[in-house]
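Only one structure is covered here, and it is reproduced in the block below.
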Amino acid sequence: MLLSPAERQYLYDSLVQNPPIRPDARNVFQCRPLEATTTFLPSSNGSARLRMTDGAECIVSVKSKVVKTADTPNLLEVDVDVQGYRDDSNFVATLKYNLSSLLHKNFPFEALKLTSRYSYKLFIDCIVMSNTSYPLTIISMAIYLALKTTKLPKLVSEVDDVNVEEQPTFSDDWEDAKTLGEATGSDFQPPVFITLGVIGSSLLFDPSLEEEQVLENGLIVSFYDGKAQTPLQNINLALNSNKNNYKGLKSTHIVSAISMVNKYCGMIIHALDTLIDQDEGDGQVF
């Protein structure tokens, strides 16, 4: 929905205040409310469905395959499908590239190793059913939930198979399956992307569609292992606006963005983990 000139000016004047007055009364570091469920796809090793209050919705499925490690340099494959966009469009290709780059750089691949010759390969399929604002954050959060709940079958055959022509054998009991965190012996925290809107001297977490139309710039910051990580890039989020306010970034914006992400993203991760703990996994979508 395009805002009228009067609405745009009113919203712009509200957001450049100190502190900014957001139309949904959120604080600058708050994401939009969401609801989600996990492990609802029976044919997947892990799955998640996430929906924002504005109707944005994303489904993520994680499936595994046993491959020969020497023949498969890439043990993680991400595919993104966005309703209303061609698979070969620049929009979808950019989303896929960003997500793939982030996961390949910050993923415990040792958890996928089965034997001396074999490993698991994960296929992460993301479907954005509907989106209003830029969907990178909702996709990365859904991937986070899906990977956190992904379980891989327990290996019961020999680990050392260098001199043995033997296919890996797995336990038939799904209760023996391990999560990625259990496989690594640590608290596995997948990386996430946070989208920030830039307007005046203010930064806004997870801007809505209306806010995007008056933003002067945007930042995409990744968060992993308790702190902001590269890649960090700027993006024009006001593509749906009939009058673009796009301006350059100041160094203070970048410093403030990293500081905000370091300070508040831990709360977002804690909220996602709490959601997983509270999810009963009863097969209900919502």
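Residue 1 is where the sequence shown starts when you use the UniProt record's numbering, and the numbers rise one by one after that.
No residue lacks a Cβ here, since even glycine has one placed at the ideal position from N, Cα and C.
Stretch-stretch touch, CB-based, cutoff 8 Å, three pairs: the region 180-190 with the region 200-215: No, they do not touch.
Bridge-paired residues (DSSP) for ARG86: DSSP lists no partner for ARG86.
PRO135 to ASP54 span [Cα, whole Å]: In a straight line, the C-alpha of PRO135 is about 12 Å away from that of ASP54.
Strand pairing of ARG51, partner residues [DSSP]: DSSP, once it has assigned bridges, lists GLU35 and GLU57 as partnering ARG51.
Between the CA atoms of LYS148 and THR39 - distance to the nearest angstrom: Computed Cα separation, rounded: 10 Å.
GLN189, enclosing beta strand (DSSP E) - first and last residue: Looking at the DSSP string, GLN189 is not in any beta strand (DSSP E), and its letter there is neither H nor E.
Contact the region 226-233 vs the region 256-266: 3+ CB pairs below 8 Å: The answer is yes - the region 256-266 touches the region 226-233, with three or more Cβ pairs under 8 Å.
Touching by the beta-carbon criterion (3+ pairs, under 8 Å), the region 91-109 and the region 47-62: Contact between the region 91-109 and the region 47-62 is absent, because fewer than three Cβ pairs lie under 8 Å.
Simplified DSSP state of THR169, which is helix, strand or coil: Coil, per DSSP.
CA-to-CA distance, LYS121 to LEU112, given in whole angstroms: Their backbone Cα atoms lie some 7 Å apart in a straight line.
Outcome for HIS270 when other beta-carbon atoms lying within 10 angstroms are tallied against a minimum of 16: Exposed is the call here.
Per-residue DSSP class, three states only, for VAL75: Note on residue identity: the sequence assigns Leu, not Val, to residue 75. Reduced to three states, the DSSP call for LEU75 is coil.
ASN262, enclosing beta strand (DSSP E) - first and last residue: Run containing ASN262: none in the beta strand (DSSP E); it sits in the alpha helix (DSSP H), 251-278.
Euclidean distance between Cα positions of PHE193 and SER251: The straight-line gap from Cα to Cα measures roughly 20 Å.
Three-state secondary structure (DSSP) of SER202: SER202: strand per DSSP, three-state reduction.
C-alpha gap between PRO153 and GLY218, whole angstroms: Cα to Cα, PRO153 sits roughly 41 Å from GLY218.
Residue(s) in a DSSP beta bridge with LEU99: Looking at the DSSP assignment, LEU99 forms no beta bridge with any residue, so it has no partner.
Supposed close pair LEU275, ALA36 - CB separation, criterion 8 Å: At roughly 6 Å, the Cβ-Cβ gap stays under 8 Å, so LEU275 and ALA36 are in contact.
Candidates ASN234, GLU210 and LEU272, of which the one nearest SER4 by Cα: With respect to the C-alpha of SER4, the residue from ASN234, GLU210 and LEU272 having the closest C-alpha is GLU210.
Segment contact, 8 Å Cβ cut-off, at least three pairs: the region 58-73 with the region 114-132: Cβ pair count under 8 Å is three or more, so yes.
For GLN167 and ILE268, the rounded distance between their alpha carbons: Cα atoms of ILE268 and GLN167: separation of roughly 41 Å, rounded to the nearest angstrom.
Extent of the continuous beta strand (DSSP E) to which LYS227 belongs: Note, LYS227: beta strand (DSSP E), 227-234.
Simplified DSSP assignment, three categories, for TYR12: TYR12 sits in a helix when the DSSP states are folded into three classes.
Where the beta strand (DSSP E) containing TYR118 begins and where it ends: Taken as a continuous stretch (DSSP letters only), the beta strand (DSSP E) holding TYR118 covers 118-130.
First and last residue of the uninterrupted beta strand (DSSP E) at TYR134: Careful: TYR134 lies outside any beta strand (DSSP E) and carries neither H nor E.
Per-residue DSSP class, three states only, for ASP81: Note: ASP81 maps to strand in three-state DSSP.
Residue span of the alpha helix (DSSP H) that contains GLY181, given as start and end: Annotation: the continuous alpha helix (DSSP H) that includes GLY181 extends over 180-184.
Beta-carbon proximity list for GLU57, same chain, < 6 Å, skipping 5 on both sides: Taken in chain order, the residues that qualify are ARG51, MET129 and SER130.
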